[in-house]
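Taking it in order: structure first as structure tokens, then the write-up.
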Amino acid sequence: MIKQTTILSITALVALALTFSSCSNDENPTITSTTTKLTATLNGAGEKPTSTSSTATGTFAGVIDESTRVLSYTVTYTGPFTSSLTAGHLHRITAADGTGGVEIPFTSLTSPIIGTFQLANQNRVDSLKNGFYYANLHTAIYKGGEIRGDIKKQ
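Residue numbers (mature numbering (1 follows the signal peptide of the UniProt record, and there is no 0)): -26 to -1, 1 to 128.
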């Protein structure tokens, strides 16, 4: 009788342990975030629709957090540029010639340019991940852009 009671007690404890170990913590679910690394090399040959003869070069490095749609980026460059920098930003390609309007203006033009930006929607995130954005630095002589780099997944 004691042996049977002991076996029943052990069986009940094992069943109870299995029940609690299989429960999920629904009140505190684990949130996972997907990030994508992005890169670009900026130079005069990359300018569109017409390249430039600029000897300036630059790099773009970014990470997009898809759960928040936040892009964190760093742009670095070395000159000499043909004239002073007047603007810098990311463009979204919307035209057949590979150009498009400004989407993300840089808040500084001093290298390294470091920033974050929340994209408006998932369509913009997808466009960025699929190569429809480019980084561009403009100067007084090259108002349309002196150096450019098409952004790609790393």
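All residues carry an ideal CB built from backbone N, CA and C; glycine is no exception.
{"Asked": "For I88, tell me which candidate among G18, V37, T15, T10 has the shortest Cα-Cα distance.", "Found": "V37"}
{"Asked": "Starting from N17, trace the alpha helix (DSSP H) both ways and give me its first and last residue.", "Found": "No alpha helix (DSSP H) contains N17, which is instead part of the beta strand (DSSP E) from 9 to 17."}
{"Asked": "In this structure, does DSSP put Q96 in helix, strand or coil?", "Found": "helix"}
{"Asked": "Inspect the beta-carbon positions of L102 and L93 and report whether they are closer than 8 angstroms.", "Found": "yes"}
{"Asked": "Quick one: Cα of G105 to Cα of V99, how far?", "Found": "10 angstroms"}
{"Asked": "On the premise that G53 lies in contact with R66, defined as a C-beta separation below 8 angstroms, what is that separation, rounded to the nearest angstrom?", "Found": "Going by Cβ atoms, the distance from R66 to G53 rounds to 27 angstroms, so no, they are not a contact pair."}
{"Asked": "Return the bridge partner residues of I88 from the DSSP annotation.", "Found": "T48"}
{"Asked": "Under DSSP, the beta strand (DSSP E) around D39 begins and ends at which residues?", "Found": "31 to 39"}
{"Asked": "Taking 6 angstroms as the limit between beta carbons, can you name the residues of its chain near F80, skipping five residues before and five after?", "Found": "G62, H63, I87"}
{"Asked": "Here's the rule: buried if 16 or more other CB atoms are within 10 angstroms of the residue's CB, otherwise exposed. What is S28?", "Found": "buried"}
{"Asked": "Cutting at 7 angstroms between CB atoms, please list the residues of its own chain near L83, excluding the five before and the five after it.", "Found": "L59, G62"}
{"Asked": "I need the DSSP call for G123, collapsed to helix, strand or coil.", "Found": "strand"}
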